[in-house]
Structure formats: C-alpha cells, structure tokens
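Presented below is the structure to which this report refers.
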Amino acid sequence: MKRLLFFRGVLLLVFSLFGTGCGTAMLSDEYLANKAKGQFAQMKKAEKISSNASHKAMVNRIGKRISGVAQVDLPGTEWEFVVFDKKNPNAFAMPGGKVGVHSGLIDLAKGDEDEVAAVIGHEIAHVALRHSNKRMSQAITIGLGGVILDVAMRDKSDSDRMLAKGAYGVGTAVGLALPYSRTHEREADHRGILYAAMAGYDPRAAISFWKKMQKAGGGKMPEFLSTHPDSGKRIEFLQSHMDHALALYRQTKAARGEKPNP
Ligand SMILES: [Zn+2]
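Heads up: the sequence shown at position 18 corresponds to 18 in the working numbering, and the numbers run straight through without jumps.
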C-alpha cells in the first residue's frame, strides 16, 4: 500500500511536468532554424534526391505558393523544397523553412497536386505554429524531471527505484517519443487546409489524401500511440472546418481568374 501511494506520487510528478513544457516555445527561432539548416544539409548528402523533373517542379510550385501565404506567420524565412527518392509516403518541414517530400507520397497521391499541397500545407503549419520548438522545450522540461526524480529516489530501495524509473520511462516515451502531439496535429490540420486554400489549392484534397492513406494501411497503429491521429477521426475533424476553407479557396481562385473545382 505504501509502495502504491509512493508510486502514485511519482506518476503525479511525471504528469505535472508534462503540463509545464506543453504549450510554450522556450528556444529561439534562430537557434532552431540554424540547427535544422545543418540537419537538412546532412540529409541531402545522405539521402537520394529525386531526379524526377515533374515531381521537383510540382513541389517547388506548391512550395512557392504556400510559403507565400504562410509568409505573414514566418517572415524572412529562406524556404527550400526537396523531393527525396524514398518509398514511404512521408513529408516534413523543419524550422527555418526546410521542406522535404518523399517521392512515395507523390506516388500515393497519384500525382494529384491538390493532395500534395494539402500535405505540404500541413507540414508548413507545424513550423508556423512553432510545434518543434514547443516539443523540444517540453523534452528539456522532462529531462529536468528525470534529474529531480533521481534526487527524490536517493534513499529508496533498489526495487523501488527501478519501479519508479520504469514508470517514468513509460510516461516520457508515450508522451514524447511521438513527433507531434494530437493537439499539434489538429492545429496543423486546421491551419494547413487554410494555407492550401489561400494558395488556391482545393482543401478537400486533404480528405481524399487521408482516404488514400487509410486504404494503403497507414492507420494500423492504435490511435494513442501513432504519430498521427486515426485517419477516420482526422477526416471528421477536417470536414468540420471545410466550409471556411472552401470559401477561401473559391475567393483565391476568383482572384487568380481561375475556375475552382465544383
Ligand atoms: Zn503532422
């Protein structure tokens, strides 16, 4: 019983620490942009870059239009868009405007430009919302949590220490090993379709793309543990913001003198 109470105390400590770093970006944008710049340069050396000219042209076109819209949130960013020759359907955007798209993602979208734009819009939204910064700030807070726990455990028996460390490990892994939290994913989904729409891309493509992902078996992981929220729930969420995004899309198309999709 005593052990159980103590254990609950440890879990409380872990979860209270979770809360503190959660919503704040503690690091400077310049610091992260510089770090990302170096990482991206390494990635370009280590990974195979696509030689598909039409893929490259498409991603650069999308990148130019969406970063143009996102510029208000990320002034002065040196954008760079690279297509990597990799099979798994993925894309990412790093602080400082370094964006990578895997050829496998363009293949899964069957070359549908609106769908690729939906994904790039989502990734750029993560950067605009400083999600990496918040995530890293949280990791630093949790790191301090580990030190506090070590000090607190100094007088306990070895087995208690092991138990506590185990609980701490599970807590931090589930909470932090995930690239983005579900809250961050939702924020990026919402902002992403608005970016895409304001850049003149059909925001409904976010939904058709997720349906393709679902079909390809992207949603097999349990929702709580997967890095992205369950595809079905994600589609529902996107749908709830679609009217607003569609109105923006139609406005942009009219301003560009183009015909929107029906
Ligand atoms: Zn995401």
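Every residue, glycine too, gets a C-beta built ideally from N, C-alpha and C.
Unbroken beta strand (DSSP E) run spanning residue i, endpoints
{"i": "Lys98", "result": "98–102"}
{"i": "Pro115", "result": "The amino acid at residue 115 is misidentified as Pro; the sequence shows Glu. That residue, Glu115, is in no beta strand (DSSP E); its alpha helix (DSSP H) goes 113–128."}
{"i": "Ala25", "result": "Premise fails: Ala25 is in no beta strand (DSSP E) and is neither H nor E."}
{"i": "Glu80", "result": "80–84"}
{"i": "Gly216", "result": "Looking at the sequence provided, one finds Ala at residue 216 rather than Gly. First-last for Ala216: undefined, no H or E at that position."}
{"i": "Ala91", "result": "91–94"}
Whole-angstrom C-beta distance between residue j and residue i, which should lie under 8 Å
{"i": "Gln239", "j": "Ile207", "result": "7 Å"}
{"i": "Phe81", "j": "Asn60", "result": "5 Å"}
{"i": "Ala109", "j": "Val116", "result": "5 Å"}
{"i": "Ala91", "j": "His126", "result": "That belief does not hold up - the Cβ atoms of Ala91 and His126 are roughly 10 Å apart, past 8 Å."}
{"i": "Ala66", "j": "Gly121", "result": "Reading the sequence as shown, one finds Ile at residue 66 and not Ala. Indeed, because the Cβ distance is near 5 Å, the residues count as touching under 8 Å."}
{"i": "His131", "j": "Ile193", "result": "In fact, because the Cβ distance is near 16 Å, the residues do not count as touching under 8 Å."}
{"i": "Glu78", "j": "Gly63", "result": "So it is not a contact: roughly 12 Å between Cβ atoms."}
{"i": "Ile50", "j": "Phe84", "result": "Per the sequence shown, the amino acid found at residue 50 is Ser instead of Ile. That pair is a contact at about 6 Å."}
Nearest neighbour of residue i, chosen from the options [CA to CA]
{"i": "Ser137", "options": "Pro262, Leu248, Lys259, Asp29", "result": "Asp29"}
{"i": "Ala25", "options": "Glu123, Ala128, Arg182, Ser50", "result": "Ala128"}
{"i": "Val119", "options": "Val99, Ser54, Lys37, Ser132", "result": "Val99"}
{"i": "Leu246", "options": "Ser54, Phe209, Glu236, Ala205", "result": "Ala205"}
{"i": "Ile301", "options": "Pro95, Glu123, Lys86, Gln71", "result": "This structure gives no information on residue 301, because the portion of the chain shown stretches from 1 to 262."}
{"i": "Ala33", "options": "Pro89, Pro95, Gly68", "result": "Pro95"}
{"i": "Ala199", "options": "Ile49, Phe209, Leu248", "result": "Leu248"}
{"i": "Ile235", "options": "Lys253, Ala254, Pro203", "result": "Pro203"}
{"i": "Phe237", "options": "Tyr180, Met58, Ala188", "result": "Ala188"}
{"i": "Leu74", "options": "Ile124, Phe84, His55, Ser50", "result": "Ile124"}
{"i": "Met213", "options": "Lys253, Leu27, Asn88, Ala254", "result": "Asn88"}
{"i": "Lys253", "options": "Tyr201, Val72, Lys44", "result": "Tyr201"}
Host alpha helix (DSSP H) of residue i (start-end)
{"i": "Ala70", "result": "53–70"}
{"i": "Ala254", "result": "242–255"}
{"i": "Ala197", "result": "182–198"}
Residue i burial status per 10 Å Cβ neighbour count (16 or more: buried)
{"i": "Lys134", "result": "buried"}
{"i": "Thr183", "result": "exposed"}
{"i": "Gly76", "result": "exposed"}
{"i": "Glu258", "result": "exposed"}
{"i": "Arg256", "result": "exposed"}
{"i": "Asn261", "result": "exposed"}
{"i": "Ser103", "result": "buried"}
{"i": "Val69", "result": "buried"}
{"i": "Asp114", "result": "buried"}
{"i": "Gly38", "result": "exposed"}
{"i": "Ala177", "result": "Residue placement at Ala177 is flagged as unreliable, the pLDDT there being 37, under the threshold of 50; a coordinate-derived value is accordingly withheld."}
{"i": "Tyr31", "result": "exposed"}
{"i": "Ala196", "result": "buried"}
{"i": "Ala36", "result": "buried"}
{"i": "Ala173", "result": "Because the pLDDT of Ala173 is 42, which lies under 50, any placement of that residue in the model is unreliable, and the question is left without a value."}
{"i": "Asp243", "result": "exposed"}
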